[in-house]
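Protein chains: 2
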Amino acid sequence: MAQPEPPVFTGLFSVNGATRLYGTIGDPIRQLRMTGIMPQVFAAVGANAVWLPFEGGAPLLQLMLDGLRGKLRNLAGFTVTIPHKTAILPLLDRVSPRAQAAGSVNMVKRDGAQLVGDIGDGLGFVRGLEAAGHRVHGASVWLVGLGGVGGAIAAALCEAGVGRLLVTELDDARADAAVARLSKFYPNVPVANVDMPPKGIHYAINATPLGLRPNDPLPFDPMMLAPEVLVAEVIMSPAETPLLQRARTHGRRIHHGRHTLDHQVPIYLDWFGIDAKGIDIVRLVRSIP
Amino acid sequence: MAQPEPPVFTGLFSVNGATRLYGTIGDPIRQLRMTGIMPQVFAAVGANAVWLPFEGGAPLLQLMLDGLRGKLRNLAGFTVTIPHKTAILPLLDRVSPRAQAAGSVNMVKRDGAQLVGDIGDGLGFVRGLEAAGHRVHGASVWLVGLGGVGGAIAAALCEAGVGRLLVTELDDARADAAVARLSKFYPNVPVANVDMPPKGIHYAINATPLGLRPNDPLPFDPMMLAPEVLVAEVIMSPAETPLLQRARTHGRRIHHGRHTLDHQVPIYLDWFGIDAKGIDIVRLVRSIP
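Line by line, the protein sequences give chains Y and W. Take 1 as the starting number for the first sequence in our numbering and just add one per residue. Take 290 as the starting number for the second sequence in our numbering and just add one per residue.
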């Protein structure tokens, strides 16, 4: 059955006294992209809601949680970005196994009397990969970087049933902690630290920040991988990092960071209990520059 | 010099990561009108800001003050409506004499390390009266109702130098407290409680809620006043209350509640330090339905 066309949207919206408040907490928050995306999604699904930047350091966490617990009654929930994703986890009443395995939370809402958290970053990545035709279940994956995003992707990959997860992280303590968490929550998935680009993998994923700045070194050289390995990126800006450029110009298959964003928004709607009304949210988000 | 024309505005706006958050705290807050007005004002003066409803009971006050003190760094300030205008006063570091005399605060911002409050309700009323050609300095005024709005108007009238202020308030304790506050802060203005429509006044002001509902009794009968007395209203909706209707249809001069709203917005901009860029804000607000 064909899905209904999303309505034409101008990027502008209105607020009234009954508007529900959503947003993202972070420090800094000026880089926030969701304020350009969520109004269009809310308008498409007919939700009277606004997406806001909430900027502040560590004391903002408890403030927002107090607000969500009922002090600010029209605060409906929020997402979490750098540097709060790990610090907010122990402040919540209930956290999904996926978020515990990732060691971070990026979605917070109230469920009855409880404040609950989950991580959608890695799930968005996995859904983007699968939507592009790349099967995750049973695959052998090399993941480079086990920071916030890397840890979330690792957990989502394990939950999606990868056959084998190889990880590379320069910070040994961080790597050991991440592998221990993954092994605890996903004991059936073999996870191993590796130093070099490994053999026999299907996907190589950059989850480090290398590529955000023009003069960053490559996180790894895609030419050291077997030709059939898909090279995937988490960085969205630039749209095509030097890693992806090098892989593509040498005829390798690549997967852009933007897919994660496109697939994250339906995860947000699910999490916050906002009915998508049958609209193809991924297509809508993809149409936003 | 002619003031620049305000730009055409659609009532819609956008938010990004650098948008500053303003709003109104109240309980309930669904009736809030400023969300329909302030975006147009912000757009006209080129401020990257949004006006939000913040709904909650007593615990919301400290939450918002903590946020304003720095926990929520992009919270730029807020206004206060029912039922918080009196309760928030003692929670602030510094409150204007006008607000102390009124016993209520409706504007809160941060000034350096201090949280400061003022009351703009009465000032908006006085400015609206003067802009309509009704001189306040030296006038004899009868004010009916000394609740939140009435107390604010009383303080603003005293500050503007009325010659005499006569007040009528059914709640004796409230009346005594209000008169005591006014006498303390404005010792040069004679203030007296009166029961009946007094003689020798220039303006009679309804500051009670009577007239909000269709079947409310009149707060007073304008026909018992001398024919030259101006009958003024604080109620904005309905635009013309039964009090004003009765006065107008009998040839009396009237002053609508809407004037206060129109004149309150420039007071907000001043308070929050937002440059109006020479735009006639009153005219802009008046053009909004």
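Beta carbons are placed, not taken as given, at the ideal position from N, Cα and C, and that holds for glycine.
| Pair within 7 Å by beta-carbon distance, G312/W and F343/W | yes
| request: Compare the beta carbon distance of G56/Y and K360/W with 7 Å and say whether it is the shorter of the two. | output: yes
| What are the residues of the stretch 341 to 371 of chain W that lie near chain Y, defined by any Cβ-Cβ distance shorter than 7 Å? | L341, P342, F343, E344, G345, P348, L349, L352, D355, G356, K360, L361, R362 and N363
| task | Within the same chain, show all residues whose beta-carbon is closer than 6 Å to that of S96/Y, passing over the 5 residues directly before and after it, in chain order. | result | D118
| message | At the 7 Å Cβ level, is Q553/W part of the contact set with chain Y, yes or no? | response | no
| Along chain W, in chain order, which residues have C-beta atoms closer than 7 Å to that of G17/Y? | I318, R319, Q320, L321, T324 and P342
| query | Going along chain Y in order, which residues have a C-beta closer than 7 Å to the C-beta of V334/W? | reply | Per Cβ cutoff of 7 Å: no residues; V334/W is ~17 Å from chain Y at best.
| query | Given a limit of 7 Å on CB to CB distance, which residues of the stretch 86 to 117 of chain Y reach chain W? | reply | none
| Apart from the five residues on each side of it in sequence, which residues of its chain come closer than 8 Å, Cβ to Cβ, to R246/Y? | L218, D221, P222 and M223
| request: Quick one: list the residues of chain W neighbouring V50/Y, beta-carbon separation under 8 Å, in chain order. | output: V304, V339 and L341
| What is the rounded straight-line gap between the Cα of L182/Y and the Cα of L310/W? | 39 Å
| query | So what does DSSP say about H255/Y, is it helix, strand or coil? | reply | strand
| said: Taking a contact to mean a Cβ-Cβ separation below 7 Å, would you say L352/W touches D66/Y in this structure? | reply: yes
| task | Consult DSSP for E448/W and reduce its assignment to one of helix, strand or coil. | result | helix
| field | Supposed contact pair H373/W and I318/W - C-beta distance, whole angstroms, cut 8 Å | value | That belief does not hold up - the Cβ atoms of I318/W and H373/W are roughly 10 Å apart, past 8 Å.
| In terms of residue numbering, what span does the beta strand (DSSP E) encompassing A481/W cover? | V480 to N482
| Alpha-carbon to alpha-carbon, G392/W and R547/W | 23 Å
| query | For V167/Y versus L157/Y, is the C-beta distance shorter than 7 Å? | reply | no
| Residues bridged to G77/Y by DSSP? | Y22/Y
| Which residues does DSSP pair with R399/W in a beta bridge? | L404/W
| Would DSSP call T457/W helix, strand or coil? | strand
| message | If I measure Cβ to Cβ from A177/Y and keep anything under 8 Å in the same chain, skipping five residues before and after, which residues do I get? | response | G103
| message | Counting beta carbon pairs with one atom in the stretch 265 to 274 of chain Y and one in the stretch 236 to 243 of chain Y, are three or more of them shorter than 8 Å? | response | no
| Candidates N215/Y, A207/Y and V179/Y, of which the one nearest Q100/Y by Cα | V179/Y
| Residue closest to A493/W, alpha-carbon to alpha-carbon, out of D461/W, P476/W, P503/W and L454/W | L454/W
| Just the Cα atoms here: how many angstroms apart are M34/Y and G401/W? | 31 Å
| message | Beta carbons nearer than 7 Å to chain Y: which residues of the stretch 485 to 513 of chain W have them? | response | none
| field | Under 7 Å from the C-beta of L143/Y: neighbouring residues of chain W | value | Under the 7 Å cutoff, chain W gives no residues; its nearest Cβ is about 28 Å from L143/Y.
| task | Starting from the Cα of V415/W, find the closest Cα among S303/W, A449/W, R541/W and S576/W and give me that residue. | result | A449/W
| request: Using only the heavy atoms of the ligand PLP, determine whether one of them is closer than 6 Å to the beta carbon of L471/W. | output: Ligands displayed in this structure: none; no statement on the ligand PLP is therefore possible.
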